[in-house]
Amino acid sequence: MQPKTLTATAVTLTVLVAGLGAALWVQRPELSTRWAASVLFLPGAWLAVLLVDKACAQSARRLKTKHELIRGIASAGGILSLSLIAALAQESYLIDGDVAKRSVGVMLGLLLIFMGNVMPKKLAPLDSEGARAAKTQATQRFVGWLFVVAGLLYATVWMVVDLEQTAMATLLTFPVACLVIVFVRLVYVRATSGNNGSEPSA
Amino acid sequence: MNKIFKALSDPTRRKVLGLLRQQPMTAGELTEHFTVSKPTMSAHFAVLREADLVEAEKVGRVVTYRLKLSVLEDAMLGFAQVFGMEMKPATKKRRPAKRKAK
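So the sequences go chain by chain: A and B. Each residue of the first sequence is one higher than the one before, starting from 1 at the first, in my numbering. Each residue of the second sequence is one higher than the one before, starting from 1001 at the first, in my numbering.
This is the structure we're talking about:
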């Protein structure tokens, strides 16, 4: 995403989250601490970004770091706004409590998928031999796959499984994801062995 | 996404990505695995860089390539390798030439 578009998205989501938090504060003033945290969290993150931006010297690395931070704010804004929309809909009796719980669970699953998908793209600094970088990359790739598969399972559990059994089912998502990855890797190695000499190492 | 499909459509580029899965390699090391000329390999590297599937780091005169695949791109590469896909961009159907009026 272009830096300007990303900044505009992050600002819009910050305003949306603050607005939703304020609306919920009016509806349920007894939970004021919770709503105050949701209203102030993203503006606080913006303040930290601005302070860090002013304190650091001008460089390409600084711009990249700032871009990453703003992307983080946009992601957090997306998650918070969806959760607050679900809470507001529940408070306004548009959806019942079960649907709100399920939607938050599905969102967490989607978040895991998103985080896992981009994880292998973040490269560690290349050392002189490259061996350590290769190991780090292989680990990142495995963890990325684990998060994506676990996220898919987690979201599916919250969509399908009975609410009373979700706690137990969600505990199993990561072990099952590990097994799925190992199985898929074995099938893949078997399918590509002797194909073009490009056998995976991870 | 079109750039990624284009990058993964070629068997040579897929093999480059397969080699980079094992470890980061210099341009020279990668070229040793292929019979094609260096300019052709450079063109392949450029396509992979443009699709953001590899990262090139230049130290002196040596360019080291590293894999930079998201999980989705990794899955697409896996499918392409297993099924040997030749993903070609969509082409318009040719209309039959009009016959000249006699």
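All C-beta atoms in this analysis are idealised placements derived from N, C-alpha and C, irrespective of residue type, glycine included.
Bounding residues of the alpha helix (DSSP H) (the contiguous stretch that carries residue i)
i           : result
Glu-30(A)   : Where Glu-30(A) is concerned, there is no enclosing alpha helix (DSSP H), given that its DSSP letter is neither H nor E.
Thr-1035(B) : No alpha helix (DSSP H) holds Thr-1035(B); DSSP gives it neither H nor E.
Val-161(A)  : No alpha helix (DSSP H) holds Val-161(A); DSSP gives it neither H nor E.
Cys-178(A)  : 173-192
Leu-123(A)  : No alpha helix (DSSP H) contains Leu-123(A), which DSSP labels as neither H nor E.
Where residue i sits in the DSSP three-state scheme
i           : result
Tyr-93(A)   : coil
Lys-1058(B) : strand
Thr-1026(B) : strand
Glu-199(A)  : In this prediction, Glu-199(A) has a pLDDT of 40, which is less than 50 and means its spatial position is unreliable; nothing more can be read from the coordinates.
Asp-53(A)   : helix
Gln-137(A)  : helix
Gln-2(A)    : coil
Val-1082(B) : helix
Met-1001(B) : coil
Ser-103(A)  : helix
Ser-59(A)   : coil
Closer than 7 Å at the beta carbon, the chain A residues around residue i
i           : result
Leu-1048(B) : Going along chain A, no residue has its Cβ under 7 Å from Leu-1048(B), so there is no contact; the nearest lies around 14 Å.
Leu-1067(B) : Gln-137
Cβ of residue i within 8 Å of any chain B Cβ
i          : result
Pro-3(A)   : no
Val-176(A) : no
Leu-112(A) : no
Lys-101(A) : no
Lys-244(A) : Chain A is shown from 1 up to 202; residue 244(A) falls before or after that span and cannot be answered.
Thr-156(A) : no
Thr-192(A) : yes
Any chain A beta carbon closer than 8 Å to residue i
i           : result
Lys-1003(B) : no
Leu-1030(B) : no
Asp-1010(B) : no
Chain-ordered neighbours of residue i on chain B, where CB pairs are closer than 8 Å
i          : result
Gly-109(A) : By Cβ distance, chain B contributes nothing, its closest Cβ being about 15 Å from Gly-109(A), past 8 Å.
Arg-34(A)  : What Arg-34(A) touches in chain B: nothing, since even the nearest Cβ is about 34 Å away.
Leu-179(A) : Simply none; closest approach about 17 Å.
Contact test: residue i Cβ vs the ligand ATP heavy atom, cutoff 7 Å
i           : result
Lys-1058(B) : The model on display carries no ligand, and the ligand ATP is accordingly not part of it.
Contact list for residue i against chain B, beta-carbon separation under 7 Å
i          : result
Val-118(A) : Ser-1070
Gly-144(A) : Val-1071
Val-148(A) : Val-1071
DSSP bridge partner residues for residue i (one or two, in chain order)
i           : result
Leu-1067(B) : Val-1054(B)
Closer than 9 Å at the beta carbon, the chain B residues around residue i
i          : result
Tyr-188(A) : Gly-1078, Gln-1081 and Val-1082
Arg-141(A) : Arg-1021, Leu-1067, Leu-1069, Val-1071 and Asp-1074
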